[in-house]
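Written below as C-alpha cells is the structure these notes are about.
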Amino acid sequence: MKKILLAVSALSMGMMFSTGAALADIKIATAGPMTGQYASFGAQMKAGAEQAVEDINAAGGVNGEMLSLEIGDDACDPKQAVAVANQMVSKGVVFMAGHFCSGSSIPASAVYTEEGIIQISPASTNPKLTDEGGPNVYRVCGRDDQQGKVAGAYLAEESKKGKKIAILQDKTAYGKGLADETKASMEAAGGKSQMYEAYTAGEKDYTALVSKMKQENIDIAYVGGYHTEAGLIVRQMRDQGMKTQLVSGDALVTNEYWSITGDAGEGTLMTFSPDPRKNAGVEDLVEKFRAKGIEPEGYVLYTYAAVQAWAQAATAAKSVDEQAVIKALNTGEFDTVLGKLSFDDKGDVTLPGYVWYEWKDGKYDYKS
C-alpha cells in the first residue's frame with residue numbers, strides 16, 4: 037500500500053506544480069555523473085533522457101499527461117547517489133532512468149525500492165544490481181558476467197598462444213566486478229594471467245604500474261575501469277616504449293577516450309553492446325541529435341530506450357502506479373531504439389550481448 041500511495045502522491049505532485057506552456061504532470065528523472073571525471077557519460081544520459089521526454093510529450097505524453105525531467109548529479113559517488121535518490125523521492129519522481137556507475141546504482145536502488153520508484157539503469161552492469169535488487173529494478177544494458185565471458189574467451193586464446201596477460205581493476209563496483217568476471221571466464225577457458233593489480237581511480241600518474249608491467253613483459257593489459265584512467269595507462273605505456281595492447285569494456289565508449297590517448301589509443305579493443313545508431317529505423321532520431329550538436333554515442337540511446345520502455349509500460353498499465361508498471365514491464369515487449377526488448381525475471385534485458393569494438397584513427401567501430 038505504501039508503494040501505491042507514493043506513486044499516486046508523485047502523480048498528484050506533478051499535477052500541482054506544473055508550470056509553463058507544457059503541462060508537467062508526471063515527474064521522471066535521470067541521474068549520473070553530471071560533474072567530475074566521468075561527466076561525459078552524465079552528458080550522454082542527460083541528452084538521451086531530454087530527447088526522449090521531448091519526443092514522448094510531442095506524441096501526447098503518457099496516458100495524456102506530460103512528462104517533466106529532473107536531473108540528478110551523483111558524480112559516481114555512492115553516498116551522493118543515495119542523497120540524489122532521496123531528493124528524487126522528495127520531488128515526487130515516479131521513474132528513474134539511472135544511475136550510470138554500478139557503485140551508485142546499487143545503493144540508490146535500495147531507496148527506490150523502499151519508496152516505490154521504478155528504476156531502469158541504462159548503464160550499470162554489475163550483476164548485483166538486479167541479482168540483489170528489488171522487483172522495481174531493471175536495466176537495458178548487459179551484465180559484467182556476460183561481458184566478461186566475451187573478453188575472457190579472447191584473453192584465454194591469447195594466453196594459450198603464449199601472450200602474457202595483466203588484469204587491472206580500479207577498485208570500483210564496476211571496474212573490479214568486470215575485471216573479476218573476465219579473469220574467472222578466462223581461467224575457466226584455460227587461460228591464465230601473469231599479473232592481477234588494483235589501481236586508484238582519479239590519479240594522473242600510473243608509471244609505477246606501467247613499469248611493473250614492463251618488467252613482466254606484459255603483452256595484453258585488460259583494464260576493468262573507466263576511460264580516463266585507461267587512457268592515461270595506455271599513453272604512459274607508449275611513453276615507456278611498450279607495445280602492450282590495451283583491452284577493456286563498455287566504459288570506453290566515449291570519444292573522450294581518444295582525446296586523452298591520441299594516437300596511443302590506436303588498436304585498443306573494448307566490449308560493448310551492438311551500436312544502436314546502426315539500427316534500422318533510428319536514422320531520423322540520430323540526425324535529430326546531430327542537428328543539436330550531440331553525437332548519440334555510448335549511453336545516449338540506452339537512456340532514451342530506458343525512458344521509452346517505462347513510458348510504454350505505463351501506457352499499457354494505464355497508470356504510473358509502481359505495481360501496475362512493474363506488471364507491465366515484466367510481461368510486455370517494448371519497441372525501442374535498441375530494438376524490441378523485454379525483461380527477464382531478474383529485471384535484466386533480453387537483447388543481444390556484447391561484441392568487439394576497436395579504436396582506429398580516433399573513432400571506435402566494430403572490430404574487423
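Going letter by letter, the sequence shown gives residues 37 to 404 in our numbering.
Note that CB positions come from ideal geometry on N, CA and C, so glycine has one too.
When we look at the beta-carbon of residue i and count the other beta-carbons within 10 Å, is it buried (16 or more) or exposed?
i, result
"tyrosine 262", "buried"
"alanine 57", "At alanine 57 the pLDDT is 38, less than 50, meaning the model places this residue with poor confidence and gives no usable figure here."
"lysine 240", "exposed"
"glutamate 194", "buried"
"threonine 276", "Before going further, note that residue 276 is glutamine rather than threonine in the sequence given. Glutamine 276 should be labelled exposed."
"glutamate 168", "exposed"
"threonine 161", "buried"
"alanine 327", "exposed"
"alanine 60", "At alanine 60 the pLDDT is 48, less than 50, meaning the model places this residue with poor confidence and gives no usable figure here."
Would DSSP call residue i helix, strand or coil?
i, result
"alanine 57", "For alanine 57, the predicted model reports a pLDDT of 38, less than 50, meaning its position is unreliable and no value from the coordinates is stated."
"leucine 105", "strand"
"valine 391", "strand"
"valine 385", "strand"
"aspartate 401", "strand"
"phenylalanine 379", "strand"
"leucine 374", "coil"
"phenylalanine 136", "coil"
"glycine 50", "Confidence in glycine 50 is poor, its pLDDT being 40 and thus under 50, which makes the residue's placement too unreliable to answer from."
"methionine 124", "helix"
Just to confirm, are residue i and residue j a CB contact at a threshold of 9 Å?
i, j, result
"alanine 119", "alanine 347", "no"
"tyrosine 235", "cysteine 137", "no"
"proline 388", "proline 310", "yes"
"tyrosine 402", "valine 373", "no"
"glycine 152", "glycine 188", "no"
"aspartate 255", "lysine 199", "yes"
"leucine 204", "glutamine 183", "no"
"tyrosine 338", "valine 176", "yes"
"valine 28", "isoleucine 154", "No answer is possible for residue 28: it lies beyond the span of the chain, which begins at 37 and ends at 404."
"glycine 134", "serine 140", "yes"
Determine the direct distance from the alpha carbon of residue j to that of residue i, and round the result to whole angstroms.
i, j, result
"leucine 245", "glycine 128", "47 Å"
"glycine 96", "alanine 75", "32 Å"
"alanine 206", "glycine 267", "Rather than alanine, the amino acid found at residue 206 in this sequence is aspartate. Their Cα atoms are separated by approximately 13 Å."
"proline 158", "aspartate 384", "11 Å"
"threonine 386", "asparagine 366", "12 Å"
"valine 322", "asparagine 315", "10 Å"
Taking CB distances under 9 Å as the criterion, tell me whether residue i reaches chain B.
i, result
"serine 160", "Given the protein chain composition of this structure (a single chain), no chain B is represented."
Could you give the C-beta distance for residue i and residue j, rounded to a whole number, given that I count them as a contact under 8 Å?
i, j, result
"glutamate 252", "glutamine 230", "5 Å"
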